[in-house]
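Worksheet: the structure to be examined is printed underneath.
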């Protein structure tokens, strides 16, 4: 016997179904509206996020450009000590083309990098091209939420500052020297000239070849040399002692060589060569006599560095705005510990030297708005390499 199916007493009427459909439509419309609102909000958030990302990207590029443009070197290391960032100025001091080359540093570059980061308040550093720079480095920790996550090192190239400081000290010394020189010259020159005059008269009256005549000649020569020292001191002390004219380098060089070798015995022991490029060298504004004296002093120093004979080369090179006189020799060169002081007044490594020759060269160059440089490298001939650079138009 089959069971009896229950009768569907809860059947929906047409009106109920219609009401249900209206309610469903209203809910669906609300959901669609909510979805559209959420979609619009999501779009706004996405646009805002894209704008923020673009701003951050632009800021990052801006900061990157600033970092690369900084004259100071910047070296950033992460918590493990690895270099995370290094800018162009630091790369130049290390001697690499860019950060991507840090992974393949040679021994010399690795040593330079270590020396830079250990420079502290300042130390000399020889760069990859042989230049000597004075660098200082200050390192600070990078912290996040109280924990160290790396370090940043700021590297300053203080070469120019050191040069200007040294120049200031030299000028202070010259100012003091000027006061001393003026007093000495005033007090000593008149009696010295009297001594020289009497000794010259005595020399003429004494028999030729006698010991007394030789001694009188020594007195005359000694007074002459003392007067030259006084004259050099006065030149060092005066900053307005130029008699300007148009100077021809092709006349100046042979004239300076002639003066440097005038009293030289056995001059054939020294091979003195000259080169001038290009020819003709344009004339320039300067004091011919003083420039000849400066060049003569450099040539004489080169000769004195080779007492048994050797080679000296005098070269003239013309740049865009200046002319350079380069004197090189085959002597022992200037010891590294003396290079910083060779242009100081009264500094000399020779027992018979006065220490005024190179100081006078430097003063004459500065008076002309130029400079004197001693190359840190040995000259092609093997010895010292000095350059005097003079502008075509004086800057003083």
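In the working numbering, the protein residues as written are 2 to 397.
Don't be surprised by glycine CBs; every beta carbon is placed ideally from N, CA and C.
Suppose contacts are defined by Cβ-Cβ distances below 8 Å. Is residue i in contact with residue j by that definition?
i	j	result
residue 94	residue 74	yes
residue 136	residue 122	no
residue 311	residue 334	no
residue 151	residue 77	yes
residue 387	residue 373	yes
residue 385	residue 330	yes
residue 257	residue 206	no
residue 251	residue 282	yes
residue 129	residue 96	yes
residue 358	residue 302	yes
residue 389	residue 243	no
residue 228	residue 190	yes
residue 141	residue 133	no
residue 204	residue 212	no
residue 368	residue 343	no
residue 319	residue 255	no
Which residue comes first and which comes last in the beta strand (DSSP E) that contains residue i?
i	result
residue 329	323-330
residue 135	133-145
residue 124	124-127
residue 156	148-158
Say the cut is 7 Å; is the CB of residue i nearer than that to a heavy atom of the ligand COA?
i	result
residue 370	As for the ligand COA, it is missing from this structure, which has no ligand bound.
Count the other C-beta atoms from every protein chain shown that fall within 10 angstroms of the C-beta of residue i, then say buried if there are 16 or more, exposed otherwise.
i	result
residue 162	exposed
residue 285	buried
residue 139	exposed
residue 48	exposed
residue 327	buried
residue 81	exposed
residue 347	exposed
residue 259	exposed
residue 299	buried
residue 52	exposed
residue 88	buried
residue 396	For residue 396, the pLDDT reaches just 42, beneath the cut-off of 50, and the residue's location in the model is therefore unreliable, leaving the point undetermined.
residue 113	buried
residue 169	exposed
residue 288	buried
residue 120	buried
residue 361	buried
residue 62	exposed
residue 117	buried
residue 2	Because residue 2 carries a pLDDT of 45, less than 50, the predicted location of this residue cannot be relied on, and the following value inherits that uncertainty. Exposed, by the Cβ-count rule.
residue 406	The shown model of the chain, from 2 to 397, leaves out residue 406, and the question about it has no answer.
residue 216	exposed
Length-filtered (4 minimum) alpha helix (DSSP H) runs lying within the region 38-121 = The qualifying runs are 89-95, 108-118.
query = In the region 273-319, which residue ranges form an unbroken alpha helix (DSSP H) of at least 4 residues, counting only runs that do not cross its ends?
reply = For the region 273-319, whole alpha helix (DSSP H) runs of length 4 or above, ordered along the chain, are 289-305.
inquiry  = Would the region 270-288 count as touching the region 296-316 if we require 3 or more Cβ pairs under 8 Å?
reply    = Because the criterion of three Cβ pairs below 8 Å is met, the region 270-288 and the region 296-316 touch.
key: Contiguous alpha helix (DSSP H) assignments of at least 4 residues, all confined to the region 173-250   = Secondary structure in the region 173-250: the alpha helix (DSSP H) runs of 4 residues or longer, each lying completely within the stretch, are 212-238 in chain order.
query = Whole alpha helix (DSSP H) runs in the region 341-389 with 4 or more residues, listed along the chain?
reply = 358-368, all fully within the region 341-389.
inquiry  = Is it the case that the region 195-213 contacts the region 221-234, given that we only count it when at least three CB pairs across the two stretches are under 8 Å?
reply    = Counting C-beta pairs with one atom in each stretch, the region 221-234 and the region 195-213 have three or more that are closer than 8 Å, which means they touch.
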